[in-house]
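Structure first, then comments.
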Amino acid sequence: MDKTFRVRHFKASVFAHATEDQSRVKSSLLNILPLSMRKSLSIGEEVVMGHHGNEIRIYGVELHSDLAYETLKYLICSLSESDKNILLISLDSRVGDTSSHLHIRLGKQEAYMGRITIRDGNDVIKILVTVEGCRTVEDLKKFLTELIKTC
Numbered sequence: 010m011d012k013t014f015r016v017r018h019f020k021a022s023v024f025a026h027a028t029e030d031q032s033r034v035k036s037s038l039l040n041i042l043p044l045s046m047r048k049s050l051s052i053g054e055e056v057v058m059g060h061h062g063n064e065i066r067i068y069g070v071e072l073h074s075d076l077a078y079e080t081l082k083y084l085i086c087s088l089s090e091s092d093k094n095i096l097l098i099s100l101d102s103r104v105g106d107t108s109s110h111l112h113i114r115l116g117k118q119e120a121y122m123g124r125i126t127i128r129d130g131n132d133v134i135k136i137l138v139t140v141e142g143c144r145t146v147e148d149l150k151k152f153l154t155e156l157i158k159t160c
């Protein structure tokens with residue numbers, strides 16, 4: 010792995026509407042994390058009001074440095090080959106304000122079932138990863154390509 014790039018931060022969040030089983034939504038979030046972390050991490054919770062006055066809970070986890078890298082690697086290695094290709098091909102649309110911010114959306118229902126899949130839409134787990142040293146999209150692509158090779 011190129012030492013010029015380093016995963017600094019990993020944030021995952023998921024919305025749970027009042028009509029959803031809250032424990033299942035939390036399980037979907039935990040299922041994208043390495044097995045070794047699932048019992049030791051605490052899930053943050055924020056309650057907000059929706060547009061129509063309905064209660065929405067936002068569950069999330071934040072990790073730094075080695076735990077962030079380990080989680081990103083687990084997530085990437087758990088993707089199917091086609092999802093890995095989709096991630097690399099669509100990288101331009103997954104980069105934030107700076108090329109060091111990577112946005113990934115995962116299927117919430119699939120995660121609950123134990124499968125990690127790339128999904129775009131509303132019913133997703135949102136991932137934000139900060140990779141230090143990535144100044145361009147090409148840098149980020151190089152980092153992800155090298156990470157995929159370690160799977």
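This note's numbering puts the first residue of the sequence shown at 10, with every later residue one more than the last.
C-beta atoms are modelled at their ideal positions from N, C-alpha and C, and glycine is treated no differently.
Original post:
From Asp101, Leu44 and Lys150, pick the residue whose C-alpha is nearest to that of Tyr83; which is it?
Top reply: Leu44
**OP:** Let me know the secondary structure DSSP gives Lys20 once reduced to three states.
**Re:** strand
Original post:
If you follow the alpha helix (DSSP H) that Lys135 is part of, which residue opens it and which one closes it?
Top reply: From DSSP, Lys135 is part of no alpha helix (DSSP H) but of the beta strand (DSSP E) over Val133 to Glu141.
Original post:
Taking the continuous beta strand (DSSP E) assigned at Arg66, which residues delimit it?
Top reply: Glu64 to His73
Subject >> Cβ neighbours of Glu141 in the same chain (closer than 8 angstroms, five flanking residues each side left out) >> reply: Phe14, Arg15, Val16, Arg17 and Ser109
Subject >> Within 7 angstroms, strictly: CB atoms of Ser74 and Ile125 >> reply: no
**OP:** Look at the alpha carbon of Asp92 and the alpha carbon of Val34, and state the distance between them as a whole number of angstroms.
**Re:** 22 angstroms
Subject >> Short Cβ contact (7 angstroms threshold) for Leu50 with Val70 >> reply: yes
Original post:
From Gln118 to Arg144, what does the alpha carbon distance come to, in whole angstroms?
Top reply: 34 angstroms
Original post:
If we call anything under 7 angstroms between Cβ atoms a contact, is Val23 one with Ile134?
Top reply: yes
Original post:
Are Ala25 and Asn63 touching if we call contact CB-CB under 7 angstroms?
Top reply: no
Original post:
Can you tell which of Met122, Leu100 and Thr154 has the C-alpha that lies nearest to the C-alpha of Asn40?
Top reply: Met122
Subject >> Helix, strand or coil at Arg15 according to DSSP, with G and I counted as helix >> reply: strand
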